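Chemist: Before anything else, here's the structure in question.
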Amino acid sequence: MNLLYPDAHGTAAPHVRNIDIAGPHGRLPLRIYQPRSDTLLPLVIYLHGGGFVGGSLDDADVPARHIAATLPAVVVSVDYALAPAHPFPAAPEDAYAATLWAADNAATLGADAQRIAVAGDDAGGNLAASLALIARDRQDVHIAVQVLIGPMLDPSMTRTGDAARLQSDLSAEDCADCYRQYLPQLSQRLHPYAAPLESCRQAGLPAAYIATAGRDLLHCEAEKYAAALIAAGVHTQVERFAGITHAALLAHPPLLDGVVQFLRCRLGRTQGGHKDAQHAV
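As structure tokens, then:
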């Protein structure tokens, strides 16, 4: 499936296509956003939200398209396996498989395998953080940046904010129900790849941009994770958008601009080569 839309400024948007690759649990659908460029672009792996039990490639279209067009970058959006049919660790293993595939095929995609970022919102923010941990531990691929947007990071539910006081559009009950389906075994809730806040090893993780919504009970745990990263010496920028709900954060223009600005700053330090030169290697 090939799609081509004009963007809001009337210029040509990235070329968009859907493909399937071999994943750990069968075929793994991806949506690839490829801007036109004469040089190799950064590569961004995007993971949609949906509380681990829902969501699709369409839910990630706004941020993926914005990053691809504005940074610009090649964006690979991942339709990872969902709970309860596929509980942990299916989703992070899908995300990791997609990242390895994208890195191996970077030259064909017109991307620079030395400038890889992972990004996600809601449950996808959890998976992006998990992916950063997995990549550091397995050392098969180097991730330079992680972007966590309104992430779900604490299955213990002990670090959430007061939903009533915050006027949160997301409730603790909603989150608990998602975690029950994603992590059916209680022991899984302490695994750092499922609960990044439980990890005691943040050193060596990629630079992080963490965005939270003021009217979201999840902002407390996300900001605690940011503090842990900073304490471990990880370059981290955290922004809380006042008056914004969890659901509204992803389409909030200042958030999207902040993501692109951070990615541009961090990924711009390694310059990509010319496409023809890279293909000739």
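Per our numbering, the sequence shown starts with residue 1047, numbered consecutively. Idealized CB from N, CA, C, for every residue including glycine. Because the structure is a prediction, the values reported are computed rather than measured.
Return yes when the Cβ of His1298 is within less than 8 Å of the Cβ of Asp1215, no when it is not.
Modeler: Contact: no.
Chemist: Can you grab the Cα-Cα spacing for the pair Arg1235 / Arg1184, in whole Å?
Modeler: Looking at the two C-alpha atoms, the distance is approximately 21 Å.
Chemist: Is the beta carbon of Leu1060 less than 8 Å from the beta carbon of Tyr1079?
Modeler: Correcting the residue type first, residue 1060 is Pro in the shown sequence and not Leu. Cβ distance < 8 Å, so Pro1060 and Tyr1079 count as in contact.
Chemist: Taking C-alpha atoms, which residue in Ile1290, Ala1288, Asp1104 and Pro1252 lies nearest to Ala1272?
Modeler: Ranking the options by Cα distance to Ala1272, first place goes to Pro1252.
Chemist: Between the Cα of Val1118 and those of His1094, Asp1104 and Ala1157, spot the shortest distance and give me the residue it belongs to.
Modeler: According to the sequence shown, residue 1118 is Pro rather than Val. The candidate whose alpha carbon is nearest that of Pro1118 is Ala1157.
Chemist: Less than 8 Å separating the beta-carbons of Leu1076 and Val1124?
Modeler: Contact flag set, yes.
Chemist: Need the endpoints of the beta strand (DSSP E) that Gly1069 sits in, please.
Modeler: Counting along the chain, the beta strand (DSSP E) containing Gly1069 begins and ends at His1061 to Gly1069.
Chemist: Report yes if the C-beta distance between Pro1070 and Ala1143 is below 8 Å; otherwise report no.
Modeler: Yes; because the gap between Cβ atoms is below 8 Å, this pair is in contact.
Chemist: With DSSP run on the structure shown, which of helix, strand or coil describes Tyr1328?
Modeler: No answer is possible for residue 1328: it lies beyond the span of the chain, which begins at 1047 and ends at 1327.
Chemist: Could you check how far apart the C-beta atoms of Ala1257 and Ala1278 are, in whole angstroms? I think they sit under 8 Å.
Modeler: About 20 Å; that fails the 8 Å criterion.
Chemist: I need the straight-line Cα distance from Val1099 to Gln1231, nearest angstrom please.
Modeler: Going by the C-alpha atoms only, they are around 16 Å apart.
Chemist: With a CB to CB cut of under 7 Å and the five nearest residues on each side skipped, what residues in its chain are close to His1055?
Modeler: In this predicted model, His1055 has a pLDDT of only 37, less than 50, meaning its place in the structure is not dependable; the value taken from the coordinates is given anyway. Cβ within range, chain order: n/a, list empty.
Chemist: Quick check: the Cα distance between Ala1169 and Glu1244, rounded to an integer number of angstroms?
Modeler: For Ala1169 and Glu1244, the distance between alpha carbons rounds to 16 Å.
Chemist: Report the rounded CA-to-CA distance for Ile1276 versus Lys1270, giving the unit in angstroms.
Modeler: When rounded, the distance between both Cα atoms is 10 Å.
Chemist: Check each candidate in Gly1260, Ser1217 and Ala1141 and name the one with the smallest Cα separation from Arg1073.
Modeler: Taking only the C-alpha atoms, the option nearest Arg1073 is Ala1141.
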